[in-house]
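Novice: The structure that follows is given in the form of structure tokens.
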Amino acid sequence: MAMAMIDHDEFAELNLPRSVHAQALKLLAGIVQASTLADTLHAADRAEGFTLGIETVKALNLGAIEGLYLIFDRALQARQRELNR
0 MAMAMIDHDE FAELNLPRSV HAQALKLLAG IVQASTLADT LHAADRAEGF TLGIETVKAL
60 NLGAIEGLYL IFDRALQARQ RELNR
């Protein structure tokens, strides 16, 4: 189930710069492949910090920034549900 989430690249819809896109995919992989709840939360915190940094320097438009937050949050919620089974 975790890999299926990465197979569909939601970030492509955000038209991110290549370097941001690549890093976002790595951060998403960290969330969906985490083996414990603590690791999942840590990975999600890293993704949130990455997005906050981009937001702070105004490197992307607000729609793309919101999209990043939403994608990472959905991944966190899904991984938490999987680990709680």
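For reference, each letter of the sequence shown is one residue, going 0 to 84 in numbering that gives the first Met the number 0.
C-beta atoms are modelled at their ideal positions from N, C-alpha and C, and glycine is treated no differently.
#1: Apart from the five residues just before and just after L26, which ones in its own chain have a Cβ nearer than 8 Å to its Cβ?
#2: List in chain order: all unbroken alpha helix (DSSP H) runs of 4+ residues lying wholly within the stretch 26–64.
#3: Going by Cα to Cα distance, which pick from Q76, L36 and E54 is closest to L67?
#4: G52 to A37, Cα distance in whole Å?
#5: If we count the other Cβ atoms within 10 Å of its Cβ and call it buried at 16 or more, is L59 buried or exposed?
Specialist: On the basis of the data shown:
#1: Walking along the sequence shown from the start, residue 26 turns up at place 27. Taken in chain order, the residues that qualify are A42, R45, A46, F49 and F71.
#2: 36–55
#3: Here residue 67 refers to the residue found at position 68 when the sequence shown is read from its first residue. Comparing Cα-Cα distances from L67 to each of Q76, L36 and E54, the minimum goes to E54.
#4: Translated into positions along the sequence shown, residue 52 becomes position 53. Translated into positions along the sequence shown, residue 37 becomes position 38. Rounded to the nearest angstrom, the two C-alpha atoms are 23 Å apart.
#5: Numbered from its first residue, the sequence shown carries residue 59 at position 60. It is buried - the Cβ of L59 has at least 16 other Cβ atoms within 10 Å.
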